Every structure is written in C-alpha cells, then in structure tokens.
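In this note's numbering, the protein residues as written are 1 to 200.
Following this line, the structure appears as structure tokens:
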C-alpha cells in the first residue's frame with residue numbers, strides 16, 4: 001500500500017527525522033487558530049508535533065518532507081494514540097513549555113475529535129505545513145498529491161479536521177466536502193470535519 005512515486009524535492013521522512021517534521025509543522029502552525037488555542041505558543045506546538053511524528057505518524061503512517069514543508073498521515077486501521085509512557089513524557093514537556101492548561105486543552109481536543117472521526121476505513125490526514133517563505137509556490141500541492149493519489153488507488157476516503165477556515169477553499173479544490181463543524185469547548189475555535197471520497 002505504501003509504495004509511492006514522489007516528485008523531485010519530496011521524500012518520505014525517516015524515523016530519525018521526527019524532530020524536523022515536528023519543527024516544520026510547528027512553525028507552519030504558529031498562527032493556526034486551533035494550535036494557538038491549545039498550546040498558546042510555538043514551543044508547546046513543537047514538542048507535541050515532534051512526539052506525534054516520532055511515535056505515531058512516522059511509524060504508523062507516512063510523513064513527507066520537502067525543504068520548507070512537511071505532512072503527516074495515518075494509514076487506515078492504525079491508532080493515533082501515543083504509547084502511555086510517551087504520553088506522560090509529552091505531558092510534562094508541554095507543561096514546561098505552555099503550562100498545565102495546554103495539557104487539559106490537548107486532551108479535550110483529542111477527545112472531541114475522536115467523537116467525530118469516521119468509523120469506516122480511511123486515510124487520516126493529520127497535518128500539512130508549509131513555511132511562510134515558501135507559500136504560494138505550489139509546495140502544498142506537491143506535498144498532498146502523492147497521498148491523495150494513493151487513497152484513490154486504494155479506493156478509500158481521506159478524512160481531515162480543518163483547523164483554519166482560510167484553508168477551506170484549498171481542501172475543497174482537492175475534492176474535500178464539509179461533513180460538519182464542531183467546537184472544542186472552553187471557548188475554543190471551530191474544527192471543520194471534511195471527507196474526500198476516492199476518485200477513479
């Protein structure tokens with residue numbers, strides 16, 4: 001399932017590149033409404049995205065890297081739960097970077113997202129991040145196209161939670177359709193659940 005023909009300048013992240021995946025993603029999400037509400041600063045985002053890349057998305061999914069971009073995907077049937085010991089360690093690091101409230105909000109956000117995730121097999125598109133200096137140059141398409149093509153070949157839908165309304169039109173242009181909008185609670189911003197059905 002995971003054999004992909006990648007364009008020049010794009011590669012699959014190696015296990016030892018988890019920090020790079022996390023760093024690019026955190027910087028790209030610095031102004032993201034949901035990430036900002038959850039963590040309050042890039043430091044908290046960085047340790048969270050690093051841990052998720054290291055323990056979830058690189059070993060159980062597919063992460064792609066370019067010079068100024070990264071994306072994280074989970075393969076069908078895989079769990080996005082961190083190992084317990086890694087979750088405890090991450091919680092302590094998030095407290096150091098962003099405070100106790102960030103841990104509470106992270107747990108709340110994860111629980112709310114679980115309630116809305118599809119139960120049928122699907123690819124889960126967790127993040128795509130392009131650094132500000134590289135935006136508007138087609139890098140986002142380069143990062144997303146190989147996995148969307150894989151989902152089509154496997155005849156499976158792709159699910160994502162859009163955390164920033166400014167990205168809605170981008171996802172819609174790739175065939176994603178809004179399923180619902182839900183809120184994280186505690187004054188949190190909205191999340192837009194979106195599905196892309198496979199195309200022949």
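For every residue, glycine included, the Cβ atom is placed at its ideal position computed from N, Cα and C. In this text, all values refer to a predicted model and were calculated from it rather than measured experimentally.
For residue j and residue i, believed in contact at Cβ under 8 Å, the rounded distance
i           : j           : result
residue 42  : residue 26  : 5 Å
residue 66  : residue 143 : 6 Å
residue 122 : residue 157 : 5 Å
Three-state secondary structure assigned by DSSP to residue i
i           : result
residue 99  : coil
residue 74  : strand
residue 30  : coil
residue 89  : helix
residue 129 : strand
residue 44  : helix
residue 105 : helix
Cross-strand partners of residue i (DSSP beta bridge)
i           : result
residue 183 : 190
residue 159 : 124 and 195
residue 66  : 69
residue 177 : 195
residue 22  : The partner list for residue 22 (beta bridge, DSSP) is empty, contrary to what the question assumes.
Distance, residue j Cα to residue i Cα
i           : j           : result
residue 186 : residue 35  : 14 Å
residue 8   : residue 95  : 39 Å
residue 15  : residue 131 : 22 Å
residue 98  : residue 129 : 21 Å
residue 175 : residue 61  : 22 Å
residue 110 : residue 200 : 33 Å
residue 167 : residue 196 : 15 Å
residue 38  : residue 28  : 15 Å
residue 169 : residue 40  : 26 Å
residue 57  : residue 161 : 16 Å
residue 179 : residue 71  : 22 Å
So, do the region 141-155 and the region 81-92 have three or more beta carbon pairs nearer to each other than 8 Å? By the Cβ rule, the region 141-155 does not count as touching the region 81-92, because fewer than three pairs are nearer than 8 Å.
Does the region 133-140 touch the region 96-103, meaning 3 or more C-beta pairs lie closer than 8 Å? No, the region 96-103 is not in contact with the region 133-140.
Could you tell me whether the region 61-74 touches the region 113-120, using the rule of 3 or more Cβ pairs below 8 Å? Cβ pair count under 8 Å is below three, so no.
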